[in-house]
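Chains as they are written, first to last, in the numbering used here: chain A, 749 to 1064; chain B, 749 to 1064. Written out below as C-alpha cells is the structure these notes cover.
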C-alpha cells in the first residue's frame, strides 16, 4: 500500500492507494500556506495516520509515501528547491517527514505526478506519454519509457511556457505569447470576455446573469445552443489548444496525449476538433500516430500520481 | 573501428571512425538520388571497402556500420520508412547492405545522428543534450541520458516544426509560423531580402554585388561593419532563434544546447545575444542552467554521429 499526498496551495489531500492505483481512503485539510513549512509537514503526517487508520490498516502496510508539490523539486535529495505558492525555498521536506514516520518518501513536481497517475491508470505499457493540463495555467508532464522526464535539473516539462505567438499576449513568466496565455482556462475566460464586449447580442450575457460570472464553460455552453459569438470563442480556443498539442507531438511523438483540467469534462466537444486539427497538421504522416484522450482521474490524479510515482521512482 | 555513413540528398559521405569518434579516413561520392535505392546501397558498400583499405585496415576490424538518413527510420528493423529527398519508402537498407558486407548495420535519422555525434565529442557524460541545426530548415536531435530520443514511432524530434508564431509565415509542412520559417538560413535569407527591398541605402546591396547572391552571411557581415539595416536583420533573426531555444529549454531543460549549421561559424556573435536572451527569458531561474554552445564537428557530424550512435544503439 502507498500514501499519495497532493500538497496544493489551498488544500493538502492525502490518500491511501493500492498497487493498482485505486484510492482506498482519502481526506484533506487546508494548507494554510502562510505558516512555517514544518507545520505543513506535521499536518501531512497527521493525515497519513488518519487515512491509514480509517482504512483499518497500519503504517507497517505502507511501502512508500509520495508527495506532489507545485514547484521545482530535487527528487534525489527530497528537497523542494522552490515552490513560490508555498513560500518554500530549499526545504528538506522528505527528511522532516521521516522524523515522524520512518517510511521512504518521494517528492515529485505536482504536474509530473498527475501525468504519472494518468499514465499509470490509462495504460502503463505505453512507451511515451504526455499530459497537458488546462487550468489557471497550462501544466504538463512527460513520461518517457515509463519514467517521469524532468530535465537535467528537475525543472523540465514546462510546456505551458513555450511561445506559440511571438510578441503575443503577456505571460506571468515575463515573455509574450506563451502557450498558457492562449490555452489556459484563464485565457479562455479573457477570450470570452473580449468577445462579449464586442457582441452585446450574444447569449453569453444571459448565461453570465444566470451563472454569476464568466468561466471556462460560458462559451462552450452557449456554443452548444448555437450562439455564433460563443462558437467563435470556442473554436478559436480549441485551435490554440490544438496548435500547442501539434507542437508537442512533432517534438515528442508520444504514444498518447492526455488532456486534463476542468475543461476536459467537455469530452468529445473538445477532443474531436483537436484530433482533426492534429490529423491535418502534424508533421509526421506515416506509421502509427499519437492517440489523444481526456484525463480520467480528475482531482485524484495528484494523489494517485504521487503514490504511484513513489512506487516506481527513487526516494529518500 | 566503425563505419559512419552520411547519406545525403547530394552526396554519400563515408568515414572510418575510431572508438573516440575520430575520423581516420573519409571519402564521398554523389548520391544520384534518382536511381534505384539498391544502386545507392552498392555505392555505400564500395565506399566502405575504399575507406577501410585506404586506412590500411580490413573489414574484420569493423564492429558496426552506422548510416544517417534524412527521413523517418525504423531503427529496430533497419528500414527507411520514408525519406522524401531520396525517394525511399519502406526500404530495407540494412538487410540489403548486409548482402554485401555482413557486419551489423544501424540506421539513424540524420539529425539524430548529427546530434549524437556532437554529444559524443562534446561530453558524453552530460545527462541531457539538445542540438538545433540552422540550415535550409531547422533540424534537431535530442539525447536523453545518453540515448537518442525518437518518440514512440521514430518520428520525434522535429523541433523545426513547432509553431512560434500562430498564423505567421507559411511552412512547407502545411502549417503557419513554424520555428523553421523564422530561424532557418532560408528564413534569414528571406528576412535579408525584404529588408534590402525596404532599404536601398543599405550596405547589403554592395555586399551582394561583390559576393554574387544573398546568403546567410550577408546581414551578419554588414552588421559587423555597422550597417543599420543589417543590424536590424541580424538582431531580429537572433531573437527568433533564441525564442525557439527558450521554448525547448523550458520543455527539456537539457544540460547543453548545441547550435549547428553554417551560421554557427559566427560563434560569439550568435551565441552571446542568445545566451543573454535565454538568461532573461527562461522559466526556471533556480539551480543549474543550460549551457549554450556552437557545434564543433560541422560537416563531419553526420559521419561521426552515424558511427558512434551505431556503436551504442541497437542494430540489425
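For glycine and all other residues, C-beta sits at the position ideal for the given N, C-alpha and C.
Cβ of residue i within 8 Å of any chain A Cβ
i               : result
residue 914(B)  : yes
residue 892(B)  : yes
residue 921(B)  : yes
residue 942(B)  : no
residue 1003(B) : yes
residue 875(B)  : yes
residue 906(B)  : yes
residue 909(B)  : yes
residue 999(B)  : yes
residue 903(B)  : yes
residue 854(B)  : no
residue 1029(B) : yes
residue 820(B)  : yes
Distance CB(residue i)-CB(residue j) smaller than 8 Å
i               : j               : result
residue 816(B)  : residue 830(B)  : no
residue 855(A)  : residue 826(A)  : yes
residue 1004(B) : residue 923(B)  : no
residue 836(B)  : residue 862(B)  : no
residue 989(A)  : residue 1041(A) : no
residue 1055(B) : residue 814(B)  : yes
residue 821(B)  : residue 857(B)  : yes
residue 901(A)  : residue 1001(B) : yes
residue 799(B)  : residue 755(B)  : no
residue 963(B)  : residue 937(B)  : yes
residue 779(A)  : residue 757(A)  : yes
residue 981(B)  : residue 961(B)  : no
residue 1018(B) : residue 866(B)  : no
residue 760(A)  : residue 795(A)  : yes
residue 925(B)  : residue 914(B)  : yes
residue 882(B)  : residue 1011(B) : yes
residue 1035(A) : residue 903(B)  : yes
Neighbour flag for residue i against chain C, beta carbons, 8 Å
i              : result
residue 880(A) : Absence of chain C from the displayed structure is noted, the protein chains being A and B.
Euclidean distance between Cα positions of residue i and residue j
i               : j               : result
residue 934(A)  : residue 921(A)  : 15 Å
residue 1043(A) : residue 954(A)  : 31 Å
residue 853(A)  : residue 912(A)  : 37 Å
residue 929(A)  : residue 1009(A) : 15 Å
residue 859(A)  : residue 889(B)  : 25 Å
residue 983(B)  : residue 1014(B) : 13 Å
residue 753(A)  : residue 782(A)  : 19 Å
residue 891(B)  : residue 1057(B) : 11 Å
residue 824(B)  : residue 843(B)  : 12 Å
residue 1037(A) : residue 871(A)  : 16 Å
residue 834(A)  : residue 965(A)  : 29 Å
residue 1025(B) : residue 918(A)  : 17 Å
residue 785(A)  : residue 797(A)  : 19 Å
Residue-level contact to chain B via CB, residue i, 8 Å cutoff
i               : result
residue 773(A)  : no
residue 1023(A) : no
residue 1034(A) : yes
residue 862(A)  : no
residue 1065(A) : Coverage of chain A is limited to positions 749 through 1064, which leaves residue 1065(A) absent and any answer about it impossible.
residue 982(A)  : no
residue 995(A)  : yes
residue 899(A)  : yes
residue 857(A)  : no
residue 991(A)  : yes
residue 829(A)  : yes
Cβ separation of residue i and residue j, assumed to be a contact under 8 Å, to the nearest whole Å
i              : j               : result
residue 812(A) : residue 828(A)  : That pair is no contact at about 18 Å.
residue 932(A) : residue 987(A)  : That belief does not hold up - the Cβ atoms of residue 932(A) and residue 987(A) are roughly 15 Å apart, past 8 Å.
residue 750(A) : residue 1059(A) : 6 Å
residue 864(A) : residue 1053(A) : 4 Å
residue 910(B) : residue 910(A)  : 7 Å
residue 762(B) : residue 775(B)  : 6 Å
Legend entry - Touch test, the stretch 838 to 856 of chain B against the stretch 779 to 794 of chain B, Cβ-Cβ under 8 Å, three pairs minimum: yes
Legend entry - Touch test, the stretch 1017 to 1034 of chain B against the stretch 987 to 995 of chain B, Cβ-Cβ under 8 Å, three pairs minimum: yes
Legend entry - Three-pair Cβ contact test at 8 Å for the stretch 976 to 985 of chain B versus the stretch 944 to 954 of chain B: yes
Inset, instruction - Decide if the stretch 767 to 774 of chain B is in contact with the stretch 888 to 901 of chain A; the criterion is three or more beta carbon pairs, one per stretch, under 8 Å apart. - result: no
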